[in-house]
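Here's the structure, in structure tokens; my notes come after.
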Amino acid sequence: EAGVTQFPSHSVIEKGQTVTLRCDPISGHDNLYWYRRVMGKEIKFLLHFVKESKQDESGMPNNRFLAERTGGTYSTLKVQPAELEDSGVYFCASSQFSGRRDTQYFGPGTRLTVL
Amino acid sequence: AQSVAQPEDQVNVAEGNPLTVKCTYSVSGNPYLFWYVQYPNRGLQFLLKYITGDNLVKGSYGFEAEFNKSQTSFHLKKPSALVSDSALYFCAALNKLIFGAGTRLAVHP
Chain A
1 EAGVTQFPSH
11 SVIEKGQTVT
21 LRCDPISGHD
31 NLYWYRRVMG
41 KEIKFLLHFV
51 KESKQDESGM
61 PNNRFLAERT
71 GGTYSTLKVQ
81 PAELEDSGVY
91 FCASSQFSGR
101 RDTQYFGPGT
111 RLTVL
Chain B
116 AQSVAQPEDQ
126 VNVAEGNPLT
136 VKCTYSVSGN
146 PYLFWYVQYP
156 NRGLQFLLKY
166 ITGDNLVKGS
176 YGFEAEFNKS
186 QTSFHLKKPS
196 ALVSDSALYF
206 CAALNKLIFG
216 AGTRLAVHP
């Protein structure tokens with residue numbers, strides 16, 4: 001069974017540009033999460049999809065971030081325009097069942113560098 | 116504010132010695148606690164979790180963790196460390212979607 005995949009693995013962009021990150025969850029997993037780790041600090045929650053609906057987007061830092069999950073399969077996270085403080089590693093995770101007791105399986109992350 | 120703390124940035128252990136990576140939590144209600152490990156250029160891999168029941172949880176690669184409600188801790192342990200255990204370890208209270216900052220484990224031959 002394929003795991004969670006993320007694309008690209010690395011992205012280097014200039015301040016003000018737009019970047020779109022993609023996450024493909026494990027097949028059949030309705031729950032999809034986005035997280036971010038900045039500057040070696042703790043991993044912070046961004047948002048949670050259940051199928052195509054945003055269950056919780058309380059962690060989204062501001063309106064420069066837009067997440068979508070059309071059709072309830074893969075998800076994209078767009079940053080527009082990117083700022084220096086957006087640099088970090090963006091992780092995606094998926095889980096099969098609702099409820100937070102289910103194990104989340106993580107992708108390898110996308111390392112975003114904003115210059 | 117709710118939080119998960121990993122008080123040590125790095126833990127150094129000699130191969131063959133027991134290892135402990137510490138985690139404490141401050142969350143409302145009953146926590147669902149998880150440990151993940153991240154190897155270089157890889158995603159986070161699930162090690163073990165505590166939801167309810169037996170306070171001693173056994174996980175992958177010989178790791179175990181003990182949930183201690185009175186001390187609000189969930190320390191990760193292994194009786195005999197391997198060099199291949201060297202990695203970054205994260206503790207999380209996933210029902211609150213909160214992670215610790217990570218602890219780098221270095222096991223020396």
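Residue numbers (this note's numbering), protein chains in the order written: chain A, 1 to 115; chain B, 116 to 224. Just so it is clear, CB atoms sit at the ideal spot from N, CA and C, and this is done for glycine as well. As the structure is a prediction and not an experimental result, all values here were calculated from the model.
Report task. With a cut-off of 8 Å on the beta carbons, I'd call residue 172/B and residue 163/B a contact; round off their distance for me. Result -> Reading the second sequence from its first residue, position 57 is the one you call residue 172/B. Reading the second sequence from its first residue, position 48 is the one you call residue 163/B. The Cβ separation is near 5 Å, so the contact holds.
Query raised in the report: Can the beta-carbon of residue 192/B be found closer than 8 Å to that of residue 133/B?
Result: For the purposes of this step, residue 192/B is identified with residue 77 of the second sequence, where counting begins at 1. For the purposes of this step, residue 133/B is identified with residue 18 of the second sequence, where counting begins at 1. Yes, they are a contact pair.
Query raised in the report: To which residues does DSSP link residue 88/A through a beta bridge?
Result: Residue mapping note: residue 88/A aligns to position 88 of the first sequence, counting from 1. Per DSSP, 112/A.
Report task. Check whether the segment 96-113 of chain A touches the segment 23-32 of chain A, taking contact to mean three or more Cβ pairs, one atom from each stretch, closer than 8 Å. Result -> yes
Query - Contacts of residue 147/B in chain A (Cβ-Cβ under 7 Å) - result: In the second sequence, the residue the question calls residue 147/B occupies position 32. Chain A residues near residue 147/B: 100 and 101.
Query raised in the report: Which one or two residues does DSSP pair with residue 94/A in a beta bridge?
Result: Here residue 94/A corresponds to residue number 94 of the first sequence, with the count starting at 1. Answer by DSSP bridge pairing, in chain order: 32/A and 105/A.
Query raised in the report: Would you say residue 26/A reaches chain B, if we count a Cβ-Cβ gap shorter than 8 Å as a contact?
Result: Within the first sequence, the letter at position 26 stands for residue 26/A. Not one chain B Cβ lies under 8 Å of residue 26/A.
**Report entry** Pair within 8 Å by beta-carbon distance, residue 65/A and residue 84/A
**Finding:** Position 65 of the first sequence, counted from the first residue, corresponds to residue 65/A. Position 84 of the first sequence, counted from the first residue, corresponds to residue 84/A. Result no, Cβ atoms of residue 65/A and residue 84/A do not sit closer than 8 Å.
Query - Beta-carbon spacing of residue 35/A, residue 44/A below 8 Å - result: The residue given as residue 35/A occupies position 35 in the first sequence. The residue given as residue 44/A occupies position 44 in the first sequence. Taking 8 Å as the Cβ cut-off, residue 35/A and residue 44/A qualify as a contacting pair.
Query raised in the report: Across which residues does DSSP place residue 183/B in a beta bridge pair?
Result: The count along the second sequence starts at 1 and reaches residue 183/B at position 68. In DSSP, residue 183/B forms a bridge with 188/B.
Query raised in the report: For residue 10/A, is the classification buried or exposed, using 16 other Cβ atoms within 10 angstroms of its Cβ as the cut-off for buried?
Result: In the first sequence, counting from the first residue as 1, residue 10/A sits at position 10. Classification of residue 10/A: exposed, given that the 10 Å Cβ count is below 16.
Report task. To the nearest angstrom, report how far apart residue 91/A and residue 197/B are at their CA atoms. Result -> One-based indexing of the first sequence puts residue 91/A at position 91. One-based indexing of the second sequence puts residue 197/B at position 82. If you take the alpha carbons of residue 91/A and residue 197/B, they lie about 27 Å apart.
Query raised in the report: Cα-Cα, which of 56/A, 101/A and 80/A is closest to residue 17/A?
Result: Translated into positions along the first sequence, residue 17/A becomes position 17. With distances taken between Cα atoms, residue 17/A lies closest to 80/A.
Requested in this report: Return the CA-CA distance between residue 149/B and residue 111/A, expressed in angstroms with no decimal places.
Outcome: If you number the second sequence from 1, residue 149/B lands on position 34. If you number the first sequence from 1, residue 111/A lands on position 111. For residue 149/B and residue 111/A, the distance between alpha carbons rounds to 24 Å.
Query raised in the report: When the distance is taken between beta carbons, is residue 218/B closer than 8 Å to residue 204/B?
Result: The count along the second sequence starts at 1 and reaches residue 204/B at position 89. The count along the second sequence starts at 1 and reaches residue 218/B at position 103. Closer than 8 Å, so yes.
Query raised in the report: Start and end of the beta strand (DSSP E) containing residue 78/A?
Result: Against the first sequence, residue 78/A aligns to sequence position 78. Looking at the DSSP string, the run of the beta strand (DSSP E) that includes residue 78/A is 75-79.
Requested in this report: Note down, in chain order, each residue of its chain lying with its Cβ closer than 7 Å to the Cβ of residue 7/A, except the 5 sequence neighbours on either side.
Outcome: Within the first sequence, numbered from 1, the residue matching residue 7/A stands at position 7. Correct list, in chain order: 22.
Query raised in the report: Rounded to the nearest angstrom, how far is the Cβ of residue 151/B from that of residue 116/B, given a contact under 8 Å?
Result: For the purposes of this step, residue 151/B is taken as residue 36 along the second sequence, with counting starting at 1. For the purposes of this step, residue 116/B is taken as residue 1 along the second sequence, with counting starting at 1. Not a contact, Cβ separation roughly 22 Å.
Query - Cutoff 7 Å; reference residue 201/B; Cβ partners in own chain excluding five residues on either side - result: For the purposes of this step, residue 201/B is taken as residue 86 along the second sequence, with counting starting at 1. Correct list, in chain order: 220, 221 and 222.
Query raised in the report: Identify the residues that DSSP records as bridge partners of residue 148/B: which are they?
Result: For the purposes of this step, residue 148/B is taken as the residue at position 33 of the second sequence. In DSSP, residue 148/B forms a bridge with 165/B and 208/B.
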